[in-house]
Amino acid sequence: MIGFAIFFWRGHQAENGDGKKQAVTQQPAAALTVKTATAKTDEWPLTLQASGSITAWQEGIIGSEISGQRIVEVLVNVGDEVKKGQVLARYNADTLKAEQAELLAMWKQAESDRKRAASLKDSGALSDQEIENYANQAAIAKARLDSKNLQLGYATVVAPDDGTISQRTATVGAIGAPGNELFRMIIKNRLEWRGELSAEQLAQVKIDQLVELTLPDQSSAKATIRQLAPSLDPQSRLGLVYADIEPGSHAQPGMYASGIIAMQVDKALNIPAVSIIIRDGRSYVFTVSTGTTSKVLQKLVTTGRHQDGDVEIKVGLTEGERIVTQGAGFLNDGDIVRITDDAGVAK
């Protein structure tokens, strides 16, 4: 009887031992070691994105104002920076100088005759009409001389303002004709970005707002909105914003650049962008429970703006929620995880 009791006690102890061992083996194991971050609210700029061309703020066309004379010297080329009044080209002025000298002599003679006639007015040797004719002849001679002096001045082509030569058609030996284009220049080296915006976007933009441009070489340029178009293009239904580009960038006329217009600052709930997992075309994050075991929950979110490696969450999260950053792409809803810090120490 005693032996049977001992045998029953030992068997019961063995059964209890197996039960404990089985309970240990059924404890769920962590699927992956991950790092986490907390959803936080910061002040972010509210922006609009648009694209547009870069052009000269004002392009000056320098044309010929002289006729029948040959260009003998061209002093600048495309890309040269020039100052107001700087000589760009010269025409052969020998013929004009000779004509000027002749007209100068004629004017001096006419002026001398006018003075002599005026001195005889009181003597009655000349009638008032004759005296007036001498005065008219002197005036005509002076006008012809002034006209020739003006033509002589046109023989030297100068820059109308500070800027950069953007195009040159003047060539040595070409015969001048009034209106012929010789040079084009970017006045004062000022460039502008002409961003194309929809009517809805245009209504949100104001003068003096800043624009961050991304140029074709991926460099950046800063600009400030100077003017808004008063109407929309009837074909594209888009309106233009004119933004002055700050000097010192790689911007050049003819480039097409995208721009981000900073309008105002507002609060944005944000998390690290690496936390976002794209599945079936939708954006998800994994939040971590705060219980005895770290279990993850897959949540559908709606994203917004991006800034400095973070992304705005418009719908799907609340401030303070703990989300998986590193390792989220390997998780499934309900997985148990092991959390470590940046040094790899388990928490």
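All residue numbers for the sequence shown refer to the working numbering, where the first residue is 6 and numbers rise by one.
A virtual CB, placed ideally from N, CA and C, is assigned to each residue, including glycine.
Bear in mind the structure is a predicted one, so any value in this text is a computation, not a measurement.
Give me whichever residues DSSP pairs with I66 in a beta bridge.
In the sequence shown, counting from the first residue as 1, residue 66 sits at position 61. In DSSP, I66 forms a bridge with R189.
Which listed residue (A110, G309, D222, Q74) has its alpha carbon closest to that of K147:
As a first step, residue 147 is located in the sequence shown; it is residue number 142 there, counting from the start. Measuring from the Cα of K147, the nearest candidate turns out to be A110.
Can you list, in chain order, the stretches of the beta strand (DSSP E) that have 3 or more residues and sit fully within the region 157 to 214?
161 to 163, 168 to 173, 186 to 192, 196 to 202
Which residue from D249, A144, S203 puts its Cα closest to that of Q240?
Against the sequence shown, residue 240 aligns to sequence position 235. Per the Cα distances, S203.
Inter-residue spacing [alpha-carbon to alpha-carbon] between F335 and D85
The residue given as residue 335 occupies position 330 in the sequence shown. The residue given as residue 85 occupies position 80 in the sequence shown. The alpha-carbon atoms of F335 and D85 are separated by roughly 59 Å.
Can you grab the Cα-Cα spacing for the pair G259 / G314, in whole Å?
Locating residue 259 in the sequence shown gives position 254, counting from the first residue. Locating residue 314 in the sequence shown gives position 309, counting from the first residue. Answer to the nearest angstrom: the Cα atoms are 32 Å apart.
Can you look up K40 in the DSSP assignment and give me helix, strand or coil?
As a working note, residue 40 is residue 35 in the sequence shown. Of the three classes helix, strand and coil, the one that applies to K40 here is coil, per DSSP.
At least 3 beta-carbon pairs within less than 8 Å: the region 39 to 59 vs the region 72 to 88:
no
Figure out for me which residue from T307, D271, A55 has the closest Cα to the Cα of G286.
As a working mapping, residue 286 is identified with position 281 in the sequence shown. With distances taken between Cα atoms, G286 lies closest to T307.
Please classify I59 as buried or exposed, where buried requires at least 16 neighbouring CB atoms within 10 angstroms.
Reading the sequence shown from its first residue, position 54 is the one you call residue 59. So I59 counts as buried.
For L187, which residues from the same chain have a beta carbon less than 7 Å from its beta carbon, with the 5 sequence-adjacent residues on both sides left out?
The residue labelled residue 187 in the question sits at position 182 within the sequence shown. Correct list, in chain order: I67, G68, S69, A94, V162, T174, A175.
Give the range of the beta strand (DSSP E) segment to which A248 is assigned.
As a first step, residue 248 is located in the sequence shown; it is residue number 243 there, counting from the start. Segment 244 to 250, the beta strand (DSSP E) holding A248.
Quick one: Cα of Q269 to Cα of L220, how far?
Position 264 of the sequence shown, counting from 1, holds the residue named residue 269. Position 215 of the sequence shown, counting from 1, holds the residue named residue 220. Between Q269 and L220, the C-alpha separation is close to 23 Å.
Quick check on DSSP: helix, strand or coil for Q114?
Your numbering for residue 114 matches position 109 in the sequence shown. Helix.
Burial state of F13, where buried means 16 or more other Cβ atoms lie within 10 Å
Here residue 13 refers to the residue found at position 8 when the sequence shown is read from its first residue. Model confidence at F13 stands at a pLDDT of 41, short of 50, so the residue's coordinates are unreliable; what they give is reported in the following sentence. Burial call: exposed.
Per-residue DSSP class, three states only, for L125:
As a first step, residue 125 must be located in the sequence shown, where it is residue number 120. Of the three classes helix, strand and coil, the one that applies to L125 here is coil, per DSSP.
Where does I191 land, buried or exposed, given buried means 16+ other C-beta within 10 angstroms?
The residue given as residue 191 occupies position 186 in the sequence shown. Burial call: buried.
Between V320 and the rest of its own chain, which residues show a CB-CB distance below 7 Å, the 5 nearest in sequence each way excluded?
Here residue 320 corresponds to residue number 315 of the sequence shown, with the count starting at 1. V306, T307.
Which of helix, strand or coil does DSSP assign to G321?
In the sequence shown, residue 321 corresponds to position 316, counting from 1. In this structure, G321 counts as coil in the three-state DSSP scheme.
Contact under 9 Å by Cβ, L207 with G178
Against the sequence shown, residue 207 aligns to sequence position 202. Against the sequence shown, residue 178 aligns to sequence position 173. Their beta carbons are not under 9 Å apart, which means L207 does not touch G178 by this criterion.
Cβ contact check for the region 96 to 112 and the region 221 to 233: 3 or more pairs under 8 Å:
no
How many Å lie between D238 and R199 at the Cα?
Within the sequence shown, numbered from 1, the residue matching residue 238 stands at position 233. Within the sequence shown, numbered from 1, the residue matching residue 199 stands at position 194. Roughly 13 Å between the two C-alpha positions.
Contained beta strand (DSSP E) runs [length at least 3] in the region 263 to 348, N- to C-terminal order
282 to 284, 287 to 293, 301 to 305, 307 to 312, 315 to 320, 327 to 329, 342 to 344
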